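Asker: Chains as they are written, first to last, in my numbering: chain Z, 1 to 189; chain Y, 1 to 189; chain F, 1 to 189; chain X, 1 to 189. Here it is, the structure, as structure tokens.
Protein chains: 4
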Amino acid sequence: MVKAAVHLFTEKGFHRTTTREIAKASGFSIGTLYEYIRTKDDVLFLVCDSIYEEVQTRLQSLLTDDTKGIERLKNAITSYFQVIDEMQDEVLVMYQEVKSLPKEALSYVLEKEVEMTSMIEEVIRYCVREEVVFLTEKQVKLAAHNILVQGQMWTFRRWSIQKLYNIEDYTKLQIEQFISGITKAQVAD
Amino acid sequence: MVKAAVHLFTEKGFHRTTTREIAKASGFSIGTLYEYIRTKDDVLFLVCDSIYEEVQTRLQSLLTDDTKGIERLKNAITSYFQVIDEMQDEVLVMYQEVKSLPKEALSYVLEKEVEMTSMIEEVIRYCVREEVVFLTEKQVKLAAHNILVQGQMWTFRRWSIQKLYNIEDYTKLQIEQFISGITKAQVAD
Amino acid sequence: MVKAAVHLFTEKGFHRTTTREIAKASGFSIGTLYEYIRTKDDVLFLVCDSIYEEVQTRLQSLLTDDTKGIERLKNAITSYFQVIDEMQDEVLVMYQEVKSLPKEALSYVLEKEVEMTSMIEEVIRYCVREEVVFLTEKQVKLAAHNILVQGQMWTFRRWSIQKLYNIEDYTKLQIEQFISGITKAQVAD
Amino acid sequence: MVKAAVHLFTEKGFHRTTTREIAKASGFSIGTLYEYIRTKDDVLFLVCDSIYEEVQTRLQSLLTDDTKGIERLKNAITSYFQVIDEMQDEVLVMYQEVKSLPKEALSYVLEKEVEMTSMIEEVIRYCVREEVVFLTEKQVKLAAHNILVQGQMWTFRRWSIQKLYNIEDYTKLQIEQFISGITKAQVAD
DNA sequence: CATGAATGAGAGTTCATTCAT
DNA sequence: AATGAATGAACTCTCATTCAT
């Protein structure tokens with residue numbers, strides 16, 4: 001159902017997609033759909049939740065690598081961008097439709113987003129502890145946000161960016177600028 | 001009307017806002033509203049168009065400063081971030097709702113986005129020509145995208161970022177990382 | 001609209017009548033119907049309210065007669081039964097569907113019912129004061145309830161009663177039994 | 001099942017009660033419920049039928065008492081009111097929901113109602129034959145209807161009546177007025 | 001025999017849009 | 001030129017009923 005919904009939301013957006021379409025695309029009747037959900041909003045929540053779950057799981061498994069120093073950060077970014085690339089539609093839908101979630105669900109989802117940011121921060125902080133980069137806590141947080149968003153923009157600016165680069169180039173170039181940015185940032189500080 | 005619509009869209013999103021509400025908030029009757037627009041989508045288009053127009057105008061006027069070298073780029077970024085900060089609601093609405101525009105309007109709006117990217121690119125290219133930074137054309141384009149998005153994320157991640165920084169700090173830190181990123185990028189290339 | 005709704009409710013009951021049917025029978029579109037009401041329950045409330053209003057108004061105007069003693073009571077009962085007879089469908093619908101009203105509306109309507117009971121009580125109390133009947137306060141209240149219900153049963157048992165009597169006979173017979181009941185009740189007390 | 005249904009109907013009415021709820025409250029699965037009934041209307045019919053059956057049975061057993069004259073009538077009324085009081089919910093549901101029965105079932109149920117009226121009539125006619133009251137056939141029938149309805153109103157006006165009286169007082173007062181009404185009715189005739 | 005997942009017709013309600021005034 | 005009553009297509013959601021297991 002989530003797969004079907006993602007597909008429809010990608011094409012027409014959440015609001016322009018009807019529950020009947022979701023049901024049909026999921027392969028069950030409207031009645032059966034409503035056995036699984038209580039309101040249409042629930043579909044959106046399920047979609048968002050499942051995407052976060054998958055992204056996070058895949059990210060977590062990738063973060064357990066045993067490289068050291070700056071390499072570890074590079075690998076993490078590469079992996080994250082890879083995941084985003086493979087789940088483009090899902091990620092795109094999620095960032096375009098979260099705002100339509102009811103308040104409570106929104107908070108829940110934003111918490112997940114916070115968790116993800118923390119994961120990235122942690123990888124950066126690791127480099128700080130290893131003394132391969134020198135950043136204040138504020139700079140670490142900002143860098144984490146930047147990486148996260150640079151991943152997301154691969155989807156929401158794809159109409160432009162993906163004409164210029166493939167994911168490998170994009171990753172390479174972003175890492176390049178990003179790493180120089182933070183390794184030199186110490187000086188500027 | 002645009003002001004009223006932006007306000008409503010910020011609060012409830014485009015789809016959850018009714019034409020009646022837009023009319024009322026604009027001080028028109030529903031009948032009069034439909035003298036100015038043909039469909040509800042037109043409102044969204046007008047909103048997006050007017051925001052682009054304003055952002056672009058303000059940006060353009062700021063780019064005619066007479067500083068040289070890297071300072072010019074720093075000033076441009078600072079100005080751009082300033083504009084974004086002052087037009088937070090507008091920018092937020094725009095990036096969250098563009099996707100709801102009908103195809104034709106979408107293309108038109110994306111073109112504006114391309115123009116803006118070009119403006120930023122141009123400022124960066126100027127630095128390249130001045131030989132204060134050394135970037136390939138591909139790196140220039142990516143850098144422009146990054147700046148643009150870092151501006152936007154001030155709004156769409158405000159629930160998190162604006163708790164950590166005020167706009168001055170945010171600008172300072174981003175410029176710091178960004179400038180080191182591109183000035184050192186030559187080496188990494 | 002109320003007229004149309006009463007007619008439909010008489011035939012099929014409130015729950016089996018659709019809003020579309022109400023709209024059609026009222027001569028407007030479903031959209032226009034919803035300009036006048038907020039929910040389907042509102043229709044029922046409007047129906048009940050308007051019936052009470054009419055019954056009460058007609059009753060009130062009839063109670064201002066200048067006869068004395070027991071005649072006054074007889075006239076009141078006769079008038080009340082007359083009103084019920086003329087508004088049979090309305091009264092029937094009301095007593096069969098009130099329970100479907102949402103809580104708040106129900107209280108409001110029951111208050112009206114209490115008012116009507118009080119009106120009848122007052123006429124009886126007048127006879128008590130005139131010393132043509134001798135009843136305790138409890139007996140007065142019960143007598144009022146009885147009259148009220150004997151009026152209503154002319155509608156809700158019409159499948160049986162109206163085969164046996166016309167409204168004149170019914171009124172005459174009921175008054176007969178009722179008046180003897182209360183004029184002799186003193187003794188039994 | 002009937003017990004469960006009565007309980008639910010009392011709380012929410014027939015139409016607002018779902019078959020699922022009936023099944024659950026009865027301890028069946030929805031599938032099993034439909035082994036016993038063909039349509040939801042059948043539930044209502046079963047409920048009504050079983051209530052009539054019980055009221056009638058209890059009434060019948062009480063009518064075989066051996067008192068004579070007016071006492072017999074008083075006892076009958078007292079017993080009937082007693083039954084009503086003990087089966088308040090059932091009686092209330094029945095009178096509020098019969099109208100929702102499909103035509104055929106309705107006729108069947110109304111026949112039962114006729115039977116009950118006849119039973120009461122018979123008790124009154126017995127008094128007429130015993131020459132303790134003097135009533136025409138028309139008066140007998142009306143009196144029977146009145147008693148029946150005065151029983152029912154103990155439930156459907158309980159929000160008001162049961163605040164004023166307990167069942168013993170109510171019975172005593174009603175019998176008082178009723179008996180004087182019919183014993184004196186001869187004169188007024 | 002009992003179950004409950006599956007169905008889909010149909011309900012109430014909304015709202016973009018029109019057009020007579 | 002401005003209005004807002006009127007429209008009805010389209011939406012979300014419910015629930016009586018069935019039937020494969």
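All C-beta atoms in this analysis are idealised placements derived from N, C-alpha and C, irrespective of residue type, glycine included. For clarity, every value in this text was computed on a predicted model and none was experimentally measured.
1. Please classify Z:L44: does DSSP put it in a helix, a strand, or coil?
2. Within 8 Å, do at least three Cβ pairs link the stretch 46–58 of chain Z to the stretch 84–96 of chain Z?
3. Counting contacts by CB-CB distance shorter than 9 Å, is X:V149 in contact with chain F?
4. Among Y:L63, Y:V83, Y:Y165 and Y:F14, which has the Cα closest to the Cα of Y:V98?
5. Using 8 Å for Cβ pairs, my map puts X:D169 next to X:P102. What's the rounded Cβ distance?
6. Would you identify the three-state DSSP class for Z:L62, choosing helix, strand or coil?
7. Step through the CB atoms of chain X and report whether any lies within less than 9 Å of the CB of F:F178.
8. Is there a Cβ from chain F that is less than 9 Å from the Cβ of X:M94?
9. How many Å lie between Y:T18 and Y:L33 at the Cα?
10. Let me confirm a value: Y:V123 is counted as buried when at least 16 other C-beta atoms fall within 10 Å, else exposed. Which label applies?
11. On a Cα-Cα basis, can you pick out the residue from F:I175, F:A76 and F:E53 that is closest to F:L110?
12. What residue does the alpha helix (DSSP H) around Z:S79 start on, and which one ends it?
13. Give the residues of chain Y in contact with Z:W159, contact being defined as C-beta atoms less than 7 Å apart.
14. Please list, in chain order, the residues of the stretch 28–50 of chain X that have any C-beta partner in chain F closer than 7 Å.
15. Since Y:S118 meets chain Z, which of its residues come closer than 8 Å, beta carbon to beta carbon?
16. Please list, in chain order, all residues of the same chain as Z:Q88 whose beta carbon is under 8 Å from its beta carbon, the five residues on each side excluded.
17. When the Cα of Y:E176 is compared with those of Y:T10, Y:A105 and Y:N75, which residue comes out closest?
18. Relative to the C-alpha of X:E90, which candidate in X:G181, X:F178 and X:V6 has its C-alpha closest?
19. Spatial neighbours of Y:H145 within its chain, please: CB distance less than 7 Å, with the 5 preceding and 5 following residues excluded, ordered by chain position.
20. Put X:V187 into one of helix, strand or coil per three-state DSSP.
21. Quick check: is the beta carbon of F:V114 nearer than 9 Å to any beta carbon in chain X?
22. Please name the residue, chosen from F:L148, F:S160, F:I30 and F:V114, that lies closest to F:L73 on a Cα-to-Cα basis.
23. Quick one: grab the DSSP three-state call for F:I161.
24. With 16 as the cutoff for other CB atoms within 10 Å, does Y:Q60 come out buried or exposed?
25. Which residues bound the alpha helix (DSSP H) around Z:L101?
26. Between the C-alpha atoms of Y:E172 and Z:I84, what's the straight-line distance to the nearest angstrom?
27. By alpha-carbon positions, which one of X:G69, X:M1 and X:Y126 ends up nearest to X:K24?
28. DSSP state of F:L110, grouped into three classes?
29. Using a Cβ-Cβ cutoff of 9 Å, what residues of the stretch 8–21 of chain Z are near chain Y? List them in chain order.
30. Cα separation between X:S100 and Y:A4?
31. Whose Cβ in chain F lies nearer than 8 Å to the Cβ of X:K141?
32. At which residues does the alpha helix (DSSP H) containing Z:R16 begin and terminate?
33. How far does the alpha helix (DSSP H) with Y:M153 in it reach, from first residue to last?
34. Quick check: Y:G181 and Y:C127, are their CB atoms within less than 9 Å of each other?
35. Would X:K68 count as contacting chain F if we go by Cβ distances under 9 Å?
Answerer: Looking at the atomic coordinates:
1. In this structure, Z:L44 counts as helix in the three-state DSSP scheme.
2. Yes, the stretch 84–96 of chain Z is in contact with the stretch 46–58 of chain Z.
3. Taking Cβ atoms only, chain F reaches closer than 9 Å to X:V149, which makes this a yes.
4. For Y:V98, the closest C-alpha among the options Y:L63, Y:V83, Y:Y165 and Y:F14 is that of Y:F14.
5. X:D169 to X:P102, Cβ: 40 Å. No contact.
6. In the structure shown, Z:L62 adopts helical secondary structure according to DSSP, grouped into three states.
7. Closer than 9 Å to the CB of F:F178 there is at least one CB belonging to chain X.
8. No, X:M94 lies away from the interface with chain F (no Cβ there is under 9 Å from its Cβ).
9. C-alpha separation (whole angstroms): 12 Å.
10. Classification of Y:V123: buried, given that the 10 Å Cβ count is 16 or more.
11. Selected option, being the one with the closest Cα: F:E53.
12. For Z:S79, the enclosing alpha helix (DSSP H) begins and ends at G69 to E86.
13. Counting only Cβ-Cβ distances below 7 Å, Z:W159 has contacts in chain Y at L110, in chain order.
14. None of the residues of the stretch 28–50 of chain X has a beta carbon lying less than 7 Å from any beta carbon of chain F.
15. At a beta-carbon threshold of 8 Å, none of the residues of chain Z lie near Y:S118; the nearest stands roughly 11 Å away.
16. Non-local beta-carbon contacts of Z:Q88 in its own chain, meaning distances under 8 Å to residues more than five positions away in sequence, involve W154, T155 and R158 in chain order.
17. Minimum Cα distance to Y:E176 is reached at Y:N75.
18. Minimum Cα distance to X:E90 is reached at X:V6.
19. Sequence-distant partners of Y:H145 (beyond 5 residues in either direction) whose C-beta falls short of 7 Å from its own C-beta, in its chain, are T117.
20. For X:V187, the predicted structure reports a pLDDT of 43, less than 50, and the residue's modelled location is therefore unreliable. A value from the coordinates is still provided. In the three-state DSSP reduction, X:V187 falls in the helix class (H, G or I).
21. Chain X, which has a Cβ nearer than 9 Å to the Cβ of F:V114, makes this yes.
22. That would be F:L148, whose Cα lies nearest to the Cα of F:L73.
23. Here F:I161 sits in helix by DSSP.
24. When all chains shown are included, Y:Q60 counts as exposed.
25. It is not in any alpha helix (DSSP H) - Z:L101 carries neither H nor E in the DSSP assignment.
26. This sequence places Lys at residue 172 of chain Y; Glu is not what is there. When the Cα atoms are used, Y:K172 and Z:I84 turn out to be separated by approximately 29 Å.
27. Out of X:G69, X:M1 and X:Y126, X:M1 has the C-alpha closest to the C-alpha of X:K24.
28. Three-state DSSP puts F:L110 in a helix.
29. Listed by position along the chain: G13, F14, H15 and R16.
30. X:S100 and Y:A4: Cα-Cα distance of roughly 51 Å.
31. In chain order: L164.
32. For Z:R16, there is no enclosing alpha helix (DSSP H), as DSSP marks it with neither H nor E.
33. E137 to F156 is the extent of the alpha helix (DSSP H) around Y:M153.
34. With contacts defined by Cβ atoms closer than 9 Å, Y:G181 and Y:C127 do not form a contacting pair.
35. By this cut-off, X:K68 is not an interface position.
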